[in-house]
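Chemist:
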Amino acid sequence: MAEQLAFDLPIDTALGRDNFFASDANSHAVGAIESWPDWPSRTLVLVGPEGAGKSHLAQIWADMTKALVVEAAADWHAWDIEGAVCVENVHTIAGNRKNEEKLFHLFNIQSQKGSALLMTGVGVPSIWDIHLADLASRLHGSQLVKLCAPDDTLLAAVLLKQCADRQLQLEPGVVDYILRRSERSFAGMRNLVVALDRLSLQRKRPVGQRLVRETLAQMGTGE
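Using numbering that gives the first Met the number 0, read the sequence shown as starting at 0 and increasing by one per residue.
1. Taking 9 Å as the threshold (C-beta atoms), are Leu43 and Leu143 in contact?
2. Between the beta-carbon of Leu146 and the beta-carbon of Ala72, is there less than 9 Å?
3. Would you check if the distance between the CB atom of Gly50 and the CB atom of Met218 is smaller than 9 Å?
4. Counting only the same chain and skipping the five closest in sequence on each side, list residues whose C-beta sits under 7 Å from that of Asp151.
5. Measuring alpha carbon to alpha carbon, tell me which of Thr91, Gln168, Leu158, Trp75 ends up nearest Val84.
6. Which residue wins for smallest C-alpha separation from Ser110, given the options Ser40, Val89, Glu33, Ile126?
7. Out of curiosity, what's the CA-to-CA distance linking Gln3 and Asn98?
8. Among Arg96, Pro48, Val211, which has the Cα closest to the Cα of Pro171?
9. If the criterion is Cβ atoms closer than 9 Å, does the pair Ala57 and Leu102 meet it?
10. Out of Arg137, Thr214, Ile129, state which residue places its alpha-carbon closest to the alpha-carbon of Ile108.
11. Relative to the C-alpha of Gly122, which candidate in Lys203, Ile32, Leu195, Lys53 has its C-alpha closest?
12. Under three-state DSSP, which class holds Asp133?
13. Using only the alpha-carbon positions, how far apart do Ala24 and Pro36 sit?
14. Between Val272 and the rest of its own chain, which residues show a CB-CB distance below 8 Å, the 5 nearest in sequence each way excluded?
15. What did DSSP end up calling Val44 once you bin it into helix, strand or coil?
16. Can the beta-carbon of Ile80 be found closer than 9 Å to that of Trp60?
17. If you run the structure through DSSP and keep just helix, strand and coil, what is Ile177?
18. By Cβ distance below 8 Å, which residues in the same chain neighbour Phe6 in space, the five residues on each side in sequence not counted?
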């Protein structure tokens, strides 16, 4: 029987507060985001590994504050921004003089206006190799909050959320089976769900242990 073709269709990923799961691994970060009016100097740097939920938390904050969300390396102008703003992936502009100066100007403008500034990145600012000394100083002086490595409770919640986003049904016992065998990271879980979705459609089979085992083998992370 011919296998069904799998197409990369857009996925409606839910990014509201009700779809973010808190555990001991991230409760401190959640609390910091939700207490944004109390941030020292109205700035906060949120860091964590890829796929840890930084963008999800940033969107929750943007919804609360009506903030604009921009990529650090994108084409925007500090003086065009009004109100609160979130700058994502600040680590990607290290060494780019134009983008570093742009973020430094945004720091100054937000400070003058008394508007909040949230920044996200991978790793801590001290290892980002920011060349502009004034910007590095501002980053180091900002409140720093870290998203910790995920625990089982959080990994299971993320797995179920990403499957729900793709309307992917899991057979009983599959969650524990996946947690014992998959890469223990948010990025790894995300990649696994994408692969499971594709293979489930191709095989026209539900996601059970057999399909998980086959998918992990294809990804080179199986037993």
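Don't be surprised by glycine CBs; every beta carbon is placed ideally from N, CA and C.
Modeler: By the coordinates alone:
1. Within the sequence shown, the letter at position 144 stands for residue 143. Within the sequence shown, the letter at position 44 stands for residue 43. Yes, Cβ-Cβ distance for Leu143 and Leu43 is below 9 Å.
2. Here residue 146 corresponds to residue number 147 of the sequence shown, with the count starting at 1. Here residue 72 corresponds to residue number 73 of the sequence shown, with the count starting at 1. Result no, Cβ atoms of Leu146 and Ala72 do not sit closer than 9 Å.
3. Position 51 of the sequence shown holds residue 50. Position 219 of the sequence shown holds residue 218. No; because the gap between Cβ atoms is not below 9 Å, this pair is not in contact.
4. Taking the first residue of the sequence shown as 1, we reach residue 151 at position 152. If we look at Asp151 and ignore the five residues flanking it on each side, its Cβ neighbours are Leu178.
5. Taking the first residue of the sequence shown as 1, we reach residue 84 at position 85. Selected option, being the one with the closest Cα: Trp75.
6. Start at 1 with the first residue of the sequence shown, and residue 110 comes out as number 111. Among Ser40, Val89, Glu33, Ile126, the Cα nearest to that of Ser110 belongs to Ser40.
7. Position 4 of the sequence shown, counted from the start, is the residue given in the question as residue 3. Position 99 of the sequence shown, counted from the start, is the residue given in the question as residue 98. Here the model assigns Gln3 a pLDDT of 37, short of 50, so the residue's position is not dependable and the matter cannot be decided.
8. What you label residue 171 is simply residue 172 of the sequence shown in a count that begins at 1. Taking only the C-alpha atoms, the option nearest Pro171 is Val211.
9. Along the sequence shown, one-based indexing puts residue 57 at 58. Along the sequence shown, one-based indexing puts residue 102 at 103. Against a cut-off of 9 Å, the Cβ pair of Leu102 and Ala57 comes out as no contact.
10. Numbered from 1 along the sequence shown, position 109 holds the residue referred to as residue 108. Taking only the C-alpha atoms, the option nearest Ile108 is Arg137.
11. Taking the sequence shown and counting its residues from 1, the one referred to as residue 122 is at position 123. The shortest C-alpha separation from Gly122 is found at Lys53.
12. Locating residue 133 in the sequence shown gives position 134, where the first residue counts as 1. Three-state result, Asp133: helix.
13. Locating residue 24 in the sequence shown gives position 25, counting from the first residue. Locating residue 36 in the sequence shown gives position 37, counting from the first residue. Each residue's alpha carbon lies about 23 Å from the other.
14. Residue 272 is absent from the structure shown; the chain starts at 0 and stops at 222.
15. Within the sequence shown, the letter at position 45 stands for residue 44. If DSSP states are grouped into helix, strand and coil, Val44 belongs with the strands.
16. Residue mapping note: residue 80 aligns to position 81 of the sequence shown, counting from 1. Residue mapping note: residue 60 aligns to position 61 of the sequence shown, counting from 1. It is not a contact, given that the beta carbons lie outside the stated cut-off.
17. Indexing the sequence shown from 1 puts residue 177 at position 178. Looking at Ile177 - three-state DSSP - the assignment turns out to be helix.
18. Here residue 6 refers to the residue found at position 7 when the sequence shown is read from its first residue. Residue confidence is low: Phe6 scores 35 on pLDDT, short of 50, so the model does not pin down where it sits. No coordinate-derived value is stated.
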